[in-house]
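I have placed the structure first, in the form of structure tokens, so that the comments after it can refer back to it.
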Amino acid sequence: ILTVESEGGGMCGSAGSSMIVEIIPAPMAFAGGDDVSCQGDAYTISGAVASANSTYLWTSSGNGTLVDAHSLTPTYIQSEEEIGVITLTLTVTSGAGGICGSDISAMDLEIVPGAMANAGEDAITCEDEEYTIDDASASSNSTILWTTDGEGTIANATTLSPTYYPANGETGSINMILTVTSGGGGNCGSATSSISLEIIPLPYADAGIDAEIC
């Protein structure tokens, strides 16, 4: 506020005038913590923070689209079959045309495929002979575990190519079960698949005791 008094001790009065000074907050951007989303799901950011009286703009390194990209709660719509890690970046520009600059923050969003398990085709092996699975498949970025109802043991049970070692003298049909848990701590579910492994007995022959004949 500016006040002006006339000369002569103000005997001719005074006048006043004022102006408003707007104090613009410095820009501040926080995109939120890294997160995980399942393949095919829309993802809405909920943990972003920014300075008031600012403008917001989100951009993405992914192939999908951002809805409400000028808000603090945009939604990322994935492209078809998109997986992996993408970066969502928040740019905050100060008010009054950005005279106080801008700030940038980013978060990583991991898009995890749903769990898929295929244990392969049923198989046959011989008594006392190990069998290695070579045609199993599973979704990427997942954890793998094989179990069995047989009496033998499984080596490399956390891979797609486990080996079953039958117990001594074990024969008949056993099941080998593949359990796949999705990445991201299993947030996108799990799946199971199994094969039947038939263990064929070894051939056995006994011609009997020696004998004499005339």
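Each position in the sequence shown, counted from 1, maps to that position plus 2 in my numbering.
We put the beta carbon where it would ideally sit given N, CA and C, even for glycine.
Cα atoms of C102 and V23: separation of roughly 14 Å, rounded to the nearest angstrom. Taken in chain order, the unbroken stretches of alpha helix (DSSP H) that lie wholly in the segment 68 to 156 and span 4 residues or more are 97 to 100. For E84 against G64, the beta-carbon gap comes to about 6 Å, under 8 Å, which counts as contact. By the criterion of at least three beta-carbon pairs nearer than 8 Å, the segment 137 to 153 is not in contact with the segment 75 to 83.
As the crow flies, the alpha-carbon of E153 is around 13 Å from that of E132. Rounded to the nearest angstrom, the Cβ distance from I201 to T134 is 14 Å, too far for a contact under 8 Å. In the structure shown, the three-state DSSP call for G185 is helix. Between I176 and S107, the alpha-carbon positions lie close to 55 Å from each other. In this structure, the straight-line span from the alpha carbon of G185 to that of A193 is close to 12 Å. Look at E24 here: in three-state DSSP terms it is coil, with no helix or strand label. Between the C-alpha atoms of G97 and Y58 there is a straight-line separation of about 10 Å. Straight across, the Cα-Cα distance linking I3 with G12 is about 18 Å.
DSSP, reduced to helix, strand and coil, places G11 within a helical segment of the structure shown. Residue pairing of Y206 in beta bridges, as defined by DSSP: absent, with no partner found. Looking at A207, P29, S48, the one whose alpha-carbon comes closest to that of N55 is P29.
Within a 10 Å sphere around the beta-carbon of T181 sit 16 or more other beta-carbons, which makes this residue buried. DSSP, reduced to helix, strand and coil, places G34 outside both helices and strands of the structure shown, so it counts as coil. Between the alpha carbons of T173 and D137 lies a gap of roughly 23 Å.
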